[in-house]
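Below: one structure, written as structure tokens.
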Amino acid sequence: MPSPLPSGGTPVDLYGNQLKRITEGRSTVWANYQWVTDIGKFVASGAVAYTGNYYTSPLERPLDKVPDRWRTDLCIAWMNQRVAQGAGVREQRL
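Using the numbering used here, the first residue of the sequence shown is number 116, and each one after it goes up by one.
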């Protein structure tokens, strides 16, 4: 039977294991909103992140598997120029 490769070699499957500590899927979504009022500025922000499972060892044992997970972060902040000036704090925009 002739070889399927032009050079006469044999095809080899080079698909290996997943790289250790590297997930196949990860995503993050975030948003924020600002309200400017007479008593200062309020900022609400939130983020949701997903990280897929991965292995901490190239052996891919069940003990070394880190399961997929979701993370949610929420924050509400209040900023007032008079309070910040009295405390010696100022807002800097980058």
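C-beta: ideal position from N, C-alpha, C; glycine also.
Considering only Pro126, Thr125, Asn132, the residue with the shortest C-alpha distance to threonine 171 is Asn132. When the Cα atoms are used, threonine 187 and valine 163 turn out to be separated by approximately 5 Å. Under the DSSP assignment, glutamine 149 falls in the beta strand (DSSP E) whose first and last residues are 141 to 152. Residue Trp185 holds the alpha-carbon nearest to the alpha-carbon of glycine 140 among Arg176, Asp179, Trp193, Trp185.
In the DSSP assignment, leucine 189 forms a beta bridge with Gly161.
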